[in-house]
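Take a look at the structure below.
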Amino acid sequence: MEFNGVCCDPTIIIDNEARIFYPPLFTGVSSKQKVGILNSSHIPIYYEILIPEKYRDELTVEPYLGTMYPHERINVEFKFTPLSKKEYRFNVPIKVKRVVDEI
Numbered sequence: 001m002e003f004n005g006v007c008c009d010p011t012i013i014i015d016n017e018a019r020i021f022y023p024p025l026f027t028g029v030s031s032k033q034k035v036g037i038l039n040s041s042h043i044p045i046y047y048e049i050l051i052p053e054k055y056r057d058e059l060t061v062e063p064y065l066g067t068m069y070p071h072e073r074i075n076v077e078f079k080f081t082p083l084s085k086k087e088y089r090f091n092v093p094i095k096v097k098r099v100v101d102e103i
């Protein structure tokens with residue numbers, strides 16, 4: 001009997017080196033950017049995009065959570081609406097974990 005198996009971690013690849021650039025905007029005016037996310041692993045994953053609480057009134061993401069099949073690619077829309085005149089620069093974490101089949 002021969003046994004073969006593969007073990008892997010859940011991994012994603014985000015377009016544009018995981019950076020989003022918005023043009024200069026007036027306060028209260030929205031701009032949308034779509035970003036591609038690829039599940040590059042051989043296993044299904046669950047993802048959740050975690051917007052920092054202090055920016056939740058200015059940044060929305062759709063869909064912000066979901067399941068991705070192996071090698072599936074999705075587009076996620078980030079909508080930015082600045083509420084004050086300043087330069088914005090912050091990170092938005094993406095939590096990724098494997099999908100566990102229920103028994």
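For the sequence shown, the numbering used here begins at 1 and goes up steadily by one.
The beta-carbon is built from N, C-alpha and C at its ideal position, and this holds for glycine as well.
Taking a C-beta distance under 8 Å as the contact criterion, I14 and I37 qualify as a contact pair.
Rounded to whole angstroms, the Cβ separation of T67 and K79 is 22 Å, and the two are not in contact under 8 Å. V99 is classed as exposed because its beta carbon has fewer than 16 other beta carbons within 10 Å across all chains shown.
By the neighbour-count definition (other C-beta atoms within 10 Å, threshold 16), P82 is a buried residue.
In chain order, V6, C8, P70 place their CB closer than 7 Å to the CB of H42, counting only its own chain and leaving out the 5 sequence neighbours on each side. A straight line joining the alpha-carbon of E62 with that of E17 spans about 19 Å.
Per the coordinates, the alpha-carbon of K54 lies some 16 Å from the alpha-carbon of G28. Per DSSP, T27 lies in no beta strand (DSSP E) and is assigned neither H nor E.
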